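If you count by the numbering used here, then the sequence shown holds residues 1257 to 1800, one letter each, in order. Think of the CB as a built atom: it goes at the ideal place given N, C-alpha and C, for glycine as much as any other residue. All values reported here derive from a predicted model rather than from experimental measurement. Working notes for the structure below.
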Amino acid sequence: MEASPSLSTDEIRAELVKAYPTKVARKRSTQILVNQTGLETVVPEIAANIRTIPGIISQRGCTYAGCKGVVLGPTRDIINITHGPIGCGFYSWLTRRNQTKPPTNEHDNFMTYCFSTDMKEEDIVFGGVKRLRTAIQEAYDIFHPKAIAVFSTCPVGLIGDDVHAVAREMKEKLGINVFAFSCEGYRGVSQSAGHHIANNGLFKHVIGHDDTPPTGKFNISLLGEYNIGGDAFVLEEMFERCGINLVATFSGNSTMDRFENAHMADVNLVMCHRSINYVADMIEKRFGVPWFKVNFTGAAGTAKSLRKVAQYFEDQTLIDRVEEVIEEEMAKVEVARKDVRSRCEGKRAMLFVGGSRAHHYQDLFREIGMETIAAGYEFAHRDDYEGRRVLPTIKVDADSRNIEELHVDPDPERYRARLSPEDRSRREAAGMTFNDYEGMMPEMASGALVVDDISHYETERLLEMYRPDVFCAGIKEKFAVQKMGIPSKQLHSYDYGGPYAGFRGAINFYREIDRLVNTRIWSMIAPPWEKEKRPSLDATYVRP
Ligand code: CFM
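Encoded structure:
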């Protein structure tokens, strides 16, 4: 099919659901919309965080993936045991490019290992508790770790193994922290449920265990940064140059000790809102640490976020230092940006990624003059699309009710409001906002397409109709997209690239996109039916 620039965005939306049965089309239509900004206060409402329709090929992952893989996965010195059949353990082993850097070889790093209880049919029938107990003991005997975490896969919940009781028992016996997660794959509609379960578990069992005051003058924790492709290394270095002390990161390049001490920071910076906002809220309620949203993706966003940090501390030395760093870095960024922009200006991108990058990466494309014509999350909630102001209006359905909502009160001894009401209002009057995320849609162009939990079929239709210059998604989509002659950039794993965070990362990303959208390789590939005319080989090839 030819590209159809003649179709309006509304028509394209209709086209996307046309082939579905009526009920499916109706449901999918609530998750596909044409963005409208500049309305009085609101963007249109989108349906999100709802079940994927069976039979539809989704990009989503499971609850176990969100808990074990995403939130806890990047921590190097906790032994993460997957309680379940070996498939779940093996296929979750090092599939995400979260890097880590122990200071020396003497420090624990279990990330390269794959721990599983290797449940067999027999355990499904008679219960897997004994096997779990043995596995924890064995892991302890071999490695003597500081902590062991247990992650439940689907069968564990179905047969009812009490993983929490085993964890308590082994914690007592071994004298180290052992905790478990009921993060069975089916427990929520996507990995998003796993984030919430992981947040709850960290808050219940880890955060707040070490009250040592941090040594820095300006102490922050960074929430929702996972060190994919080395992003955290760039940010750590940047903070250090600015004189900002990073108490803990959830959870890129992190350790157990850092988590235990995280609540001692002066302020929490939330990067990926979707995966970690619960921890930010709970730390604030119990310990009095405020949080605000940052975005270290894109040079402009990085500069803006750094300035927010400096503004928060109201310290002239820090403000000056941050300005110096921004100036130095921006000089390098500008050279690369102008060069790349001259070749990328006007090109069009589509971004379909998890729960925050489909938003954050639009900034990088904007910086090199590229337009995001369609974007969507796999599993984010309405607040990530429309902004946190819609939180009170989000209906709690049975699937969300399934996930524990922790009730958190201020700690009687340790609650310490970092900001008095006056401190907060003064900062707000100066333009700072706390506890807020504006969401993706208010920052996208009117007329752009927003698709939640995009299906494979819709992906192919979109590509045929729009012919974007680059399609950003994950490994499951990548090669299907490239077979259609459109370059695809993985925004989960970064392919083999990165880091893309901060100033240095922005330069890497500009160059990578330049390379992808300006290559001539796609026009050089001739399909077999063009080389050789045979009646059995009849097809059309969608070419740029
Ligand atoms: Fe947050 Fe992430 Fe993302 Fe995410 Fe993820 Fe990821 Fe992602 Mo893949 S925590 S929501 S569950 S930014 S693994 S590092 S890239 S889907 S957009």
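Endpoints, the beta strand (DSSP E) within which residue 1703 is located: That residue, residue 1703, is in no beta strand (DSSP E); it is neither H nor E in DSSP.
Identity of the residue in 1643, 1450 and 1448 nearest residue 1694 by Cα: 1643
Contact test: residue 1534 Cβ vs the ligand CFM heavy atom, cutoff 7 Å: no
Distance between residue 1342 and residue 1378 (C-alpha atoms, nearest Å): 14 Å
C-alpha distance - residue 1717 paired with residue 1285, whole-angstrom precision: Roughly 15 Å between the two C-alpha positions.
Heavy atom of the ligand CFM within 7 Å of residue 1693 beta-carbon: no
Proximal residues to residue 1618 (C-beta, below 6 Å), its chain only, five neighbours per side dropped: Closer than 6 Å at the Cβ level, and outside the excluded window around residue 1618, lie 1628.
Selected residue, minimal CA-CA separation from residue 1476, among 1559, 1742, 1564 and 1448: 1564
Residue 1526: CB within 7 Å of a non-hydrogen atom of the ligand CFM: no
Coarse secondary structure for residue 1309, derived from DSSP in three states: coil
The ligand CFM heavy atom lying under 7 Å from the CB of residue 1447: yes
Segment limits, beta strand (DSSP E) that includes residue 1505: 1501-1507
C-beta contact flag for residue 1611 and residue 1636 at 8 Å: Their beta carbons are under 8 Å apart, which means residue 1611 touches residue 1636 by this criterion.
Residue 1747: CB within 7 Å of a non-hydrogen atom of the ligand CFM: yes
Which residues DSSP lists as bridging residue 1226, in chain order: Residue 1226 lies beyond the residue range present for the chain, which begins at 1257 and ends at 1800; the question has no answer from this structure.
Cβ shell of residue 1655 (< 7 Å), same chain only, five flanking positions each side left out: 1307, 1444 and 1445
Residue 1482: CB within 7 Å of a non-hydrogen atom of the ligand CFM: Answer for residue 1482: yes, Cβ within range of the ligand CFM.
Minimum C-alpha distance to residue 1423 - residue among 1415, 1417 and 1436: 1436
Range covered by the beta strand (DSSP E) that runs through residue 1636: From DSSP, residue 1636 is part of no beta strand (DSSP E); its letter is neither H nor E.
Distance between residue 1720 and residue 1258 (C-alpha atoms, nearest Å): Any reading at residue 1258 needs caution, since the residue's pLDDT is 41, under 50, leaving its predicted position unreliable; the model's value is listed next. Approximately 7 Å, taken between the alpha carbons.
Chain-order list of residues whose beta-carbon lies under 6 Å from that of residue 1622 (same chain, five-residue window excluded): When the five nearest sequence neighbours on each side are left out, no beta carbon in the same chain lies closer than 6 Å to the beta carbon of residue 1622.
Cβ neighbour criterion (16 or more within 10 Å) applied to residue 1800: A caution first: residue 1800 carries a pLDDT of 49, below 50, which makes its placement in the model too unreliable to give a value.
Counted within 10 angstroms of its Cβ, other Cβ atoms place residue 1363 as buried (16 or more) or exposed: exposed
Straight-line Cα distance separating residue 1698 from residue 1647: Those two C-alpha atoms are separated by around 16 Å.
heavy atom of the ligand CFM below 7 Å from residue 1444 C-beta: no
Residue 1707 - partner residues in DSSP beta bridges: 1288
Three-state secondary structure assigned by DSSP to residue 1367: coil
Which of helix, strand or coil DSSP assigns to residue 1385: helix
Close beta carbons around residue 1566, own chain, < 7 Å, minus the five adjacent residues each side: Exclusion of the five residues before and after residue 1566 leaves 1574, 1575 and 1578 as the residues of its chain whose Cβ lies within less than 7 Å of its Cβ.
Span separating the alpha-carbon of residue 1492 from that of residue 1469: When rounded, the distance between both Cα atoms is 20 Å.
For residue 1745, the first and last residue of its enclosing beta strand (DSSP E): 1744-1746
Distance cut-off 7 Å: residue 1609 Cβ against heavy atoms of the ligand CFM: Relative to the ligand CFM, the beta carbon of residue 1609 is positioned inside 7 Å of a heavy atom.
DSSP three-state assignment for residue 1304, whether helix, strand or coil: Residue 1304: coil per DSSP, three-state reduction.
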